[in-house]
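Peer 1: For the sequence shown, this note's numbering begins at 9 and goes up steadily by one.
Just so it is clear, CB atoms sit at the ideal spot from N, CA and C, and this is done for glycine as well.
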Amino acid sequence: MDDIKIFQRFLKDVRHLRDFEYFKHLDHSRINRNKRRQICKVKPRRPRFNPMEEMNEIEFRKKYRYTKENMRRIIEIVRDDLEVDYYEPMKRNQVPIDLQILSAIRFFGGTEHPQLTAMAHGVSLHTMAKITRRVAAVLSSKASRYIRMPATLSEKERMMRSFQYLSNMPQVIGAVVQTTVRLQLENRGGYSGTELAATNEELVHLQLVADAEHKIRDLDIRLPEELGHNTAPELFSLSRIKERFEQNEFRGRILLGNESLSCSHFLFTPVRNPKNKSEDLYNQAHSVTYAPAVKCLNYWIRRFGILSRELLGTFGSAKHTITALALLHNMAMEWNDPSIDSDISLPIYKPNIFCYANGATISEEQRNRNEFIKTHFSSN
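(1) Whose C-alpha, out of Q374, Q192, A183, is nearest the C-alpha of R280?
(2) Tell me the rounded alpha-carbon separation between R311 and I113.
(3) Threshold first: 4 residues or longer. Then list the alpha helix (DSSP H) segments lying entirely within the region 282-361, N to C.
(4) Report the rounded CA-to-CA distance for C304 versus Q186, giving the unit in angstroms.
(5) Give every residue of the same chain whose Cβ lies closer than 6 Å to the Cβ of R377, excluding the five residues on either side of it in the sequence, and list them in chain order.
(6) Give me, in chain order, the residues of the same chain whose beta-carbon lies closer than 8 Å to that of Y173; leave out the 5 immediate sequence neighbours on both sides.
(7) So is P300 buried or exposed if we call it buried at 16+ other beta carbons inside 10 Å?
(8) Among the residues of its own chain, which have a CB less than 7 Å from the CB of S132, if the five just before and after it don't count?
(9) Using the three-state DSSP reduction, which class does A183 fall into: helix, strand or coil?
(10) So, helix, strand or coil for D226, using DSSP?
(11) Pairs of beta-carbons, one from the region 280-295 and one from the region 313-323, closer than 8 Å: are there three or more?
(12) Please state the DSSP three-state secondary structure of A145.
(13) Do L319 and L191 have their C-beta atoms closer together than 8 Å?
(14) Quick one: what does DSSP say I262 is sitting in, helix, strand or coil?
(15) Rounded to whole angstroms, how far is the Cβ of Y307 from the Cβ of A183, which I believe are closer than 8 Å?
(16) By how many angstroms is the C-alpha of E165 removed from the C-alpha of L122?
(17) Rounded C-beta distance between R69 and S347? I'm assuming under 8 Å.
(18) Taking Cβ to Cβ, would you say V212 is nearer than 8 Å to T188?
(19) Between I109 and V296, what straight-line distance do the alpha-carbon atoms span, to the nearest angstrom?
(20) Answer with buried or exposed for H337, where buried requires no fewer than 16 other C-beta atoms within 10 angstroms of its C-beta.
(21) So R261 packs on I181, CB below 8 Å; how close in whole Å?
(22) Rounded to whole angstroms, what's the CA-CA distance from G236 to R169? Just pull it up for me.
(23) Could you please give the first and the last residue of the uninterrupted alpha helix (DSSP H) stretch that includes Y74?
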């Protein structure tokens, strides 16, 4: 037994000796050269582009759609929530929070191809998509603070006065305008990790309630399958704002709508075939008072170019993005941000589908409008 143990130790010593002989004959100079070559391949990382410091004010406003001062406000509002909700992929990419917000808003502006936006901020298109969705989700979570109808009596009175100042039309507390946004649905199964594969396109239907100061006060977002053939009236009938008016939350106040909507006791549309001067005066006042809603929509689309192009992703991510853009628009209006020139001729807004209500020519709702015209626009 002792002889066996001695022999095993001898074999182990032989193996150690062979290892030592192999190490002696190695080309150490070659190993050192390979190590130096590997070290040389690791280039020092360049500091990331900082647009707040490296771009002048005019250039910054053109690319980011806000002044630097207002952009700092947005960053302060969003930063803490992004730091709390910090996903693991973003940690690996090491994109600073401020740069995430800046890149997302530049992407929303649609001033250039998304690939150029990603390259300008030192990220891939894949990472850019993740960043924009995260920023949009955080912004949309704050919607109730920035997108809301007036709640107090003083707020309601102030809003009605701002509308009445335009063309002396009383009781108006908002104007309804509708449009569509294209959505390219993302194919999760065909996602390669380097580019976003898409399969089919949807039209997302939007309904805004705007005030006289071009702010969005209410927002409804729906897919076509939720709506009937008469898209515009159906979209309004399903909206939360209609329910709130039917519950008398805004008793004694009215909304204005265009010809695509059906007249009701709280939603007044233009008279299609005016028969007297009073109805002509009403239509003129309606047109002037309704105009801020059209301008609001066009200001919004011009500031955020992706709304006139195409959103990419799921319907849920599209809702977050649209809501976030409405919130950002309201911030710009509140801060009087001059980054888009409001004096440039605006494109003419046209409703998606003109759908006229069927039935009797004079309904109970139209009688309410007729009484309103007789009271406030009588030519006698």
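Peer 2: Inspection of the coordinates gives the following:
(1) Measuring from the Cα of R280, the nearest candidate turns out to be Q374.
(2) Whole-angstrom Cα-Cα distance: 10 Å.
(3) Here the runs fully enclosed are 285-311, 323-342.
(4) Separation of C304 and Q186 (C-alpha to C-alpha, rounded to the nearest whole angstrom) is 11 Å.
(5) Cβ within range, chain order: C271, F276.
(6) Cβ neighbours of Y173 within its own chain (closer than 8 Å, five residues either side excluded): A220.
(7) It is buried - the Cβ of P300 has at least 16 other Cβ atoms within 10 Å.
(8) Answer for S132: A126, listed in chain order.
(9) Looking at A183 - three-state DSSP - the assignment turns out to be strand.
(10) D226 falls in the strand class under three-state DSSP.
(11) Because the criterion of three Cβ pairs below 8 Å is not met, the region 280-295 and the region 313-323 do not touch.
(12) The answer is helix: DSSP assigns A145 an H, G or I state.
(13) In this structure, L191 lies closer than 8 Å to L319 by Cβ.
(14) In the three-state reduction of the DSSP assignment, I262 falls in the strand class, which pools E and B.
(15) The Cβ separation is near 14 Å, so there is no contact.
(16) Here residue 122 turns out to be Pro, not Leu, going by the sequence shown. Whole-angstrom Cα-Cα distance: 44 Å.
(17) Contact holds; Cβ gap of about 4 Å.
(18) Their beta carbons are under 8 Å apart, which means V212 touches T188 by this criterion.
(19) So the alpha carbons of these two residues sit roughly 37 Å apart.
(20) It is buried - the Cβ of H337 has at least 16 other Cβ atoms within 10 Å.
(21) Contact between R261 and I181 holds: CB atoms are separated by about 4 Å, below the 8 Å threshold.
(22) Straight-line Cα distance between these residues: approximately 36 Å.
(23) For Y74, there is no enclosing alpha helix (DSSP H), as DSSP marks it with neither H nor E.
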